[in-house]
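Single-structure report; data block below.
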Amino acid sequence: MTPAIQQSNNQTIKQSNNPTIQQSNNPTINHLVQIEKLIAGCRRNDRKCQQALYLRFADHAMGLCYRYARDLYEAEDILQNAFVKAFSNIKTFDEKKGDFQGWLSRIVINEALQLLKKNKRFHLTGDDHSFHDGEVEPEIYGLLEAEEIHELLAQLPDGYRIVFNLYVVEEYSHQEIGELLGISPSASRSQLTRAKAMLRHLIITQKKIEHAA
Amino acid sequence: MQPDDTEKAFRQKMKSHTPAWDKAKNWDAIEARLPQQRKRRPVWLFWLLGGVILAGSLLWWAWFATGEKTAAEPLANTTEITGNQSNTPTTGVDEILAGNISPQAETTTGPNASQNTANDDAAPFVFKKTKPQNGLATSATKSTSRKFFGEKTQHETPVPPSVGTTAPMDGNASAAISPQAANTVQDLADHDETAPQRRASDLEKLPTEARPLDLPQTETAPSAAIAAQIKVVKNQPRFGLEIYGGIGQPLRRFSAVSPEKQAYISERQGLENVLESIEAGVLLTARFRGGWSLATGLEFQKINERFHWQQVTAETVNVYSDSAYFYFDAVNQRQFIGDTVQATLTESRRVTNFNTHTFLNMPLLVGFEKRLPHFSLRAQGGPVLQFYRGFEGVIFDENGDLRPAAGQGIYQNKMALSLQAGLDVCRPVGSLGEVFIGLQYRHGLTSLTIAEAGFEQRYGGLGARLGWRF
Numbered sequence: 298m299t300p301a302i303q304q305s306n307n308q309t310i311k312q313s314n315n316p317t318i319q320q321s322n323n324p325t326i327n328h329l330v331q332i333e334k335l336i337a338g339c340r341r342n343d344r345k346c347q348q349a350l351y352l353r354f355a356d357h358a359m360g361l362c363y364r365y366a367r368d369l370y371e372a373e374d375i376l377q378n379a380f381v382k383a384f385s386n387i388k389t390f391d392e393k394k395g396d397f398q399g400w401l402s403r404i405v406i407n408e409a410l411q412l413l414k415k416n417k418r419f420h421l422t423g424d425d426h427s428f429h430d431g432e433v434e435p436e437i438y439g440l441l442e443a444e445e446i447h448e449l450l451a452q453l454p455d456g457y458r459i460v461f462n463l464y465v466v467e468e469y470s471h472q473e474i475g476e477l478l479g480i481s482p483s484a485s486r487s488q489l490t491r492a493k494a495m496l497r498h499l500i501i502t503q504k505k506i507e508h509a510a
Numbered sequence: 077m078q079p080d081d082t083e084k085a086f087r088q089k090m091k092s093h094t095p096a097w098d099k100a101k102n103w104d105a106i107e108a109r110l111p112q113q114r115k116r117r118p119v120w121l122f123w124l125l126g127g128v129i130l131a132g133s134l135l136w137w138a139w140f141a142t143g144e145k146t147a148a149e150p151l152a153n154t155t156e157i158t159g160n161q162s163n164t165p166t167t168g169v170d171e172i173l174a175g176n177i178s179p180q181a182e183t184t185t186g187p188n189a190s191q192n193t194a195n196d197d198a199a200p201f202v203f204k205k206t207k208p209q210n211g212l213a214t215s216a217t218k219s220t221s222r223k224f225f226g227e228k229t230q231h232e233t234p235v236p237p238s239v240g241t242t243a244p245m246d247g248n249a250s251a252a253i254s255p256q257a258a259n260t261v262q263d264l265a266d267h268d269e270t271a272p273q274r275r276a277s278d279l280e281k282l283p284t285e286a287r288p289l290d291l292p293q294t295e296t297a298p299s300a301a302i303a304a305q306i307k308v309v310k311n312q313p314r315f316g317l318e319i320y321g322g323i324g325q326p327l328r329r330f331s332a333v334s335p336e337k338q339a340y341i342s343e344r345q346g347l348e349n350v351l352e353s354i355e356a357g358v359l360l361t362a363r364f365r366g367g368w369s370l371a372t373g374l375e376f377q378k379i380n381e382r383f384h385w386q387q388v389t390a391e392t393v394n395v396y397s398d399s400a401y402f403y404f405d406a407v408n409q410r411q412f413i414g415d416t417v418q419a420t421l422t423e424s425r426r427v428t429n430f431n432t433h434t435f436l437n438m439p440l441l442v443g444f445e446k447r448l449p450h451f452s453l454r455a456q457g458g459p460v461l462q463f464y465r466g467f468e469g470v471i472f473d474e475n476g477d478l479r480p481a482a483g484q485g486i487y488q489n490k491m492a493l494s495l496q497a498g499l500d501v502c503r504p505v506g507s508l509g510e511v512f513i514g515l516q517y518r519h520g521l522t523s524l525t526i527a528e529a530g531f532e533q534r535y536g537g538l539g540a541r542l543g544w545r546f
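These protein sequence lines map, in sequence, to chains D and L.
In terms of this note's numbering, the first sequence opens at residue 298 and continues consecutively.
In terms of this note's numbering, the second sequence opens at residue 77 and continues consecutively.
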């Protein structure tokens, strides 16, 4: 099978020894340099640079917003708030501490959490439900499409969904999640366990419906 | 599948998932909330404006402000009394009118000193008297003129001959020279050949009683001190302004800092086929005796370049691995789970660069000019400071795709030094000034690239220019 290009990972570019590459206006080699220049332009409040930086990272940011929002409209609100905040505070961005994408991701997540707290939607979900549906066959997970996963996650209570996203997708530790949400690491751990159980329950329920149909 | 695998599968699918959404609409909303963009004004415009103001100020100073002072003040301040004459400074009319100083204070030694004393009763006559210098007669007039016998001389009060004239001084006597005497020096400096005739003519126009008695003796040759001042006046530079524009063939010199860069330099030099420049400038020129001149100002220069080169890109990408993870589904079909491995994607393409480099130059040129019957030849040379303002450009690849040239990092806002030499032919055009046309060569001395570029780049050039000076 021919390998398909999934995505370019420009963070791992290695400089070639070829002088032509080093010297040229090579778009790939200069990728990071260009981002630095765009950031420098944003610091001067250059609108074109801001737009270019937005276009470069908008898809990534929207994917992130969409995971934390209830719907697309809420995701767009989070995205707009996050970019306005990022451009307003871009002078505080330090390249030495990390890349821009990571910095922007943190802003997006913070914005999403702030929106949840503002709407008083974030609260820890108690153990009101007990799911004893048995185990899901591992292959089932592989067959789920991204949109299906998103729909399943959207059915989770906000507390479950946020912790699940932070831990599973963003790869935060329970300690970090606890600091971010103002809860203890053990509470984060229990929210994750319940989230997984409920997700499993939802998958089994959905499969049962499909079989019945 | 282990729980970790489940999470991994979730993570991959979720991270790569983005819903369909309208980027442009969201950008409009973001842009509306961003602070207004501050328009950047071109810095070179301020330089140019500053240069023009400076040049204009100097020109004004040279043409209007120095007319009276350059000759008069040094004379009045520096001439010393060495004889047996009292060292009484020249007294102003206003001071006499105010009664601060009596006319008697204006004593003059010499044969006619008694005449002054005898005319103390003539106090109502207000006069301003200048000290004679080596026989030069002075006029005892209430004069507001700047020239001794010039057209602006006003004799508001008739002056008795005994007061208004002074006998020839002996050789030892000298005095502080008044502005009137200094203007005489100015006359001599400007028109020393015709001054005696003009002066005689002017004297005839005066009332008889106001004419100096010792006219013949006033036309003696100026003293050494006055001659020195005449020389000073003649040595005053004359300021002028030059405006020019031209085209040229830039001569760019590459040199690699490291051997690894030499291949790139060689390739680029071999493929560079078009390079031209345009320039325009303003110079303020000070012209001295003997045809020498000094000029400085500002020059705006644009250099266009076009070159082809082979662009090689090496990109590390993540690709699906078809052997890392797979399983058989319920119908025994092999299903792959997208795990990724890293691979290097290399591309090569031929591209063409179109770049425009912008400079603001500041020359300091020493010139020598030789006057010929119908025109003059001028040679100029000196250092030129080059302020590099970066470049803008586009790149075409072999498919015709167009994109902006990346950045200005290795050059931007660099400063370099070059040497310039040129030859101009100047020809007067009526009273409007002179038109000049010439050739100039510029040799880049220092590099415009930063150290990280790995190579040095010096800009010089050979150009032709057409200008106007006045």
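Note that CB positions come from ideal geometry on N, CA and C, so glycine has one too.
Counterpart residues of residue i in DSSP-defined beta bridges
i	result
residue 352/L	380/L
residue 524/D	Outside the displayed range of chain D (298 to 510) lies residue 524/D, so it cannot be described from this structure.
residue 460/L	439/L, 494/L
residue 474/D	Bridge partners of residue 474/D: none, in fact.
residue 357/D	In DSSP, residue 357/D forms no bridge with anything.
residue 505/L	In DSSP, residue 505/L forms no bridge with anything.
residue 389/L	423/L
residue 552/L	What the structure shows of chain L is the stretch from 77 to 546, and residue 552/L is not part of that stretch, so it cannot be assessed.
residue 446/L	453/L
Proximal residues to residue i (C-beta, below 6 Å), its chain only, five neighbours per side dropped
i	result
residue 367/D	none
Cβ neighbours of residue i in the same chain (closer than 7 Å, five flanking residues each side left out)
i	result
residue 519/L	494, 495, 536
residue 436/L	120, 123, 374, 376, 463, 465
residue 347/D	339, 384
residue 357/D	398
residue 482/D	471, 472, 475
8 Å CB neighbourhood of residue i in its chain, flanking five on each side removed
i	result
residue 469/D	463, 477
residue 493/D	461
residue 353/L	323, 324, 325, 326, 377, 378, 379, 380, 537, 539
residue 413/D	365, 419, 455, 459
Straight-line gap, residue i to residue j (C-alpha atoms, nearest Å)
i	j	result
residue 446/D	residue 90/L	8 Å
residue 316/L	residue 458/L	18 Å
residue 107/L	residue 393/D	28 Å
residue 376/D	residue 420/L	33 Å
residue 213/L	residue 300/L	With a pLDDT of 40 at residue 213/L, under the threshold of 50, the predicted position of this residue should be treated as unreliable, and no value is reported.
residue 342/L	residue 544/L	41 Å
residue 480/D	residue 373/D	27 Å
residue 472/D	residue 402/D	18 Å
residue 360/L	residue 371/L	5 Å
residue 503/L	residue 366/L	18 Å
residue 388/L	residue 112/L	40 Å
residue 532/L	residue 102/L	45 Å
residue 453/L	residue 362/L	16 Å
residue 465/D	residue 81/L	11 Å
residue 514/D	residue 438/L	Beyond the ends of chain D as shown, which are 298 and 510, falls residue 514/D; an answer cannot be given.
residue 523/L	residue 431/L	18 Å
residue 358/L	residue 450/L	25 Å
residue 104/L	residue 344/D	12 Å
residue 445/L	residue 498/L	12 Å
residue 360/D	residue 410/D	15 Å
residue 391/D	residue 467/L	28 Å
residue 342/D	residue 354/D	18 Å
residue 344/L	residue 510/L	43 Å
residue 502/D	residue 85/L	20 Å
residue 135/L	residue 356/L	20 Å
Near the ligand GTP: residue i beta-carbon under 8 Å from a heavy atom
i	result
residue 408/D	With respect to the ligand GTP, the structure shown offers nothing to examine, as it has no ligands at all.
Beta carbon proximity, residue i to chain A, threshold 9 Å
i	result
residue 86/L	Of the protein chains in this structure, namely D and L, none is chain A.
- request: Pull out every residue of the segment 88-106 of chain L whose Cβ sits closer than 8 Å to any Cβ of chain D, in chain order.
  value: 89, 90, 91, 92, 93, 94, 95, 97, 99, 102, 103, 105, 106
Q. Of the residues that make up the segment 377-401 of chain D, which ones have a beta carbon closer than 7 Å to any beta carbon in chain L?
A. 377, 380, 381, 384
* Only counting runs of 4 or more residues, tell me where the alpha helix (DSSP H) segments fall wholly within the segment 359-404 of chain D, in order along the chain. => 369-385
At a Cβ cut of 9 Å, what residues of the segment 423-434 of chain L count as close to chain D, listed as they run along the chain?
423, 427, 429
**Start-end ranges of the alpha helix (DSSP H) lying completely within the segment 77-110 of chain L, minimum 4 residues** = 79-91, 99-109
Between the segment 329-356 of chain L and chain D, which residues of the former have CB atoms less than 9 Å from a CB of the latter, in chain order? 332, 334, 336, 337, 338, 339, 340, 341, 343, 344
Checklist line | Near-chain L residues of the segment 458-476 of chain D (beta-carbon distance less than 7 Å), N- to C-terminal order | finding: 465, 466
Could you list the residues in the segment 357-369 of chain D with a C-beta less than 7 Å from some C-beta on chain L, going in chain order? 359, 360, 363, 364, 369
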